[in-house]
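Going by full-length UniProt numbering, the sequence shown opens with residue 1, and the numbers climb by one from there. Accompanying notes for the structure given below.
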Amino acid sequence: MCFEVVTKKTISQFVPFLEEDENTFNFSLILEENSRVEAYMDKCPLKVLGGQEINITQAPYQVAIRKHILYGFIWSAFCGGSLITMTYVVTAAHCFIDSQGHFKKLSIRKVVAGTMKTTATMFQSTKGEQWRNIKNVYKHKFYDQKLFEHDFAIVEVASPFVITDTVKPIRLYNLKRDKKIEKGLQCSVSGFGLKENVILYFNLNAVCVPIVTMDACKMFYYEEYLHPSSLCAGASGKDSCQGDSGGPLVCYGVLVGVVAWGGVCGVQPGVYTKISAYTGGKDVPFTKNNVMRTKSCIGILMIFLF
1 MCFEVVTKKT ISQFVPFLEE DENTFNFSLI LEENSRVEAY MDKCPLKVLG GQEINITQAP
61 YQVAIRKHIL YGFIWSAFCG GSLITMTYVV TAAHCFIDSQ GHFKKLSIRK VVAGTMKTTA
121 TMFQSTKGEQ WRNIKNVYKH KFYDQKLFEH DFAIVEVASP FVITDTVKPI RLYNLKRDKK
181 IEKGLQCSVS GFGLKENVIL YFNLNAVCVP IVTMDACKMF YYEEYLHPSS LCAGASGKDS
241 CQGDSGGPLV CYGVLVGVVA WGGVCGVQPG VYTKISAYTG GKDVPFTKNN VMRTKSCIGI
301 LMIFLF
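And the structure:
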C-alpha cells in the first residue's frame with residue numbers, strides 16, 4: 001500500500017507489499033513424483049466405511065488444516081486436504097482465499113498429518129501427529145469464487161512430512177491410467193466437518209457416496225455453477241459438509257475429487273473439484289501467495305501556506 005506524504009517537495013518511499021506471483025512451481029514435477037504412489041485398497045465395496053469415525057490408518061493421506069483461535073490456545077480444523085507427496089497437499093482454493101479474493105494469513109494456519117482430531121490445544125499433544133508450517137499456497141490462476149470454478153490449490157509445507165503408518169501420500173487420478181468413474185460408483189469422502197448439518201465432528205469421519213451424473217446434479221443446482229472441472233457425488237443422508245472443504249473423494253483407491261461446495265448436507269449432492277481436469281498433461285496455471293516486493297511510491301502534495 002502506498003501513502004501520500006505531506007511535504008513541500010517530492011519524496012520517494014520504498015514500501016514492502018504482498019502480491020500474487022505467477023512464476024510458480026512446476027506442477028508437472030509433482031505429478032511425476034506422485035505417479036509412483038501405489039493405489040490404496042478400495043474400501044467401499046468391502047463396506048469398511050459407512051458414515052462413521054475412522055482410524056487415520058484407513059486414510060493416512062488425510063490432513064487437517066488448522067488455524068489458531070484464542071491467541072493460539074486452541075487450534076481448530078477449518079479445512080481438510082490430501083497429501084500427494086511428503087511436501088505438497090491438495091486442497092480447495094476457497095480454504096485460503098478471502099471474500100475479497102486475497103490470500104489469507106498463513107502464519108496462523110498449519111497443516112497437520114496423522115491426526116483424527118478436529119481440534120487441539122496448546123497443552124495437548126496427540127501421539128503420531130505431525131504439524132507443519134505453511135511455506136506457500138498455489139491456487140489455480142482462474143479460480144472463480146463466484147461461479148465456484150477451478151476451486152483447486154496446492155499447499156507447500158515448510159519441511160517434509162515423515163512417512164509412517166498414519167502419514168502417507170495418495171495418488172492422483174489419471175484418465176489414461178485408472179478405471180472410468182461412472183454413475184453409481186461408491187467412493188469414500190472423509191473429513192472433520194458437520195454431521196447431519198448440525199453436530200460438529202470431534203474426530204475424523206468417512207462415508208461412502210455414489211457418483212452422480214452431471215445431468216442429475218443440474219436438477220439441484222444452476223448450470224452456471226457446474227463446470228467441466230466439477231464432479232458430483234452423494235445420496236440421501238450421505239454427503240460431505242461444511243468443514244470438510246478441501247478433503248478427499250477417493251475412488252478405486254486414488255484421489256478423484258476435492259470437496260468444494262454443495263447445498264443442504266445429506267440432501268443435495270456435494271460438488272467436488274475433479275482431479276482429472278488437472279492431470280491430463282496440460283500445463284496448469286497457478287498463482288502463488290505472499291511474495292514480498294519493494295515498490296517505489298511517490299507522493300506529491302502541494303501545500304500552500306497562508
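Where a beta carbon is used, it is the ideal one built from N, C-alpha and C, also for glycine. Predicted model only: the values in this text are computed from it and were never measured.
Assigned secondary structure, T287 (DSSP; H/G/I helix, E/B strand, else coil) = To locate residue 287, count along the sequence shown from 1; it is residue 287. Reduced to three states, the DSSP call for T287 is strand.
May I have the straight-line CA-CA distance separating A279 from K127, to the nearest angstrom?
-> In the sequence shown, residue 279 corresponds to position 279, counting from 1. In the sequence shown, residue 127 corresponds to position 127, counting from 1. The amino acid occupying residue 279 in the given sequence is Thr; Ala does not appear at that position. Those two C-alpha atoms are separated by around 35 Å.
Just checking, does the segment 140 to 150 make contact with the segment 109 to 117 on the three C-beta pairs under 8 Å criterion?
-> no
Helix or strand or just coil, what does DSSP make of Y88?
-> Counted from its first residue, the sequence shown places residue 88 at position 88. For Y88, the three-state secondary structure derived from DSSP is strand.
Any idea if D283 is buried or exposed, counting beta-carbon neighbours within 10 angstroms, 16 or more meaning buried?
-> Stepping through the sequence shown from its first residue, residue 283 is reached at position 283. So D283 ends up on the exposed side.
Anticipated Cβ contact below 8 Å, Y88 with V37, distance rounded = Residue numbering aside, residue 88 sits at position 88 when the sequence shown is read from its first letter. Residue numbering aside, residue 37 sits at position 37 when the sequence shown is read from its first letter. Incorrect: roughly 12 Å between the Cβ atoms, too far for contact.
Taking Cβ positions, are C232 and V212 nearer each other than 8 Å?
-> What you label residue 232 is simply residue 232 of the sequence shown in a count that begins at 1. What you label residue 212 is simply residue 212 of the sequence shown in a count that begins at 1. Yes, the Cβ-Cβ distance between C232 and V212 is below 8 Å.
From K139 to D151, what does the alpha carbon distance come to, in whole angstroms?
-> Taking the first residue of the sequence shown as position 1, residue 139 is located at position 139. Taking the first residue of the sequence shown as position 1, residue 151 is located at position 151. Rounded to the nearest angstrom, the two C-alpha atoms are 8 Å apart.
Please confirm whether H106 and V137 have their CB atoms less than 8 Å apart.
-> Along the sequence shown, read from residue 1 onward, the residue named residue 106 stands at position 106. Along the sequence shown, read from residue 1 onward, the residue named residue 137 stands at position 137. The sequence given here places Leu at residue 106; His does not occur at that position. Closer than 8 Å, so yes.
Mind checking F202: buried by the 16 CB within 10 Å criterion, or exposed?
-> Locating residue 202 in the sequence shown gives position 202, counting from the first residue. Exposed: under 16 other Cβ atoms inside 10 Å.
S28 burial status per 10 Å Cβ neighbour count (16 or more: buried) | As a first step, residue 28 is located in the sequence shown; it is residue number 28 there, counting from the start. Classification for S28: exposed.
Go through its chain and collect everything with a Cβ distance to D42's Cβ below 6 Å, but skip five positions before and after it.
-> The residue given as residue 42 occupies position 42 in the sequence shown. For D42, where only same-chain residues beyond five positions count, the Cβ hits under 6 Å are Y252, G253.
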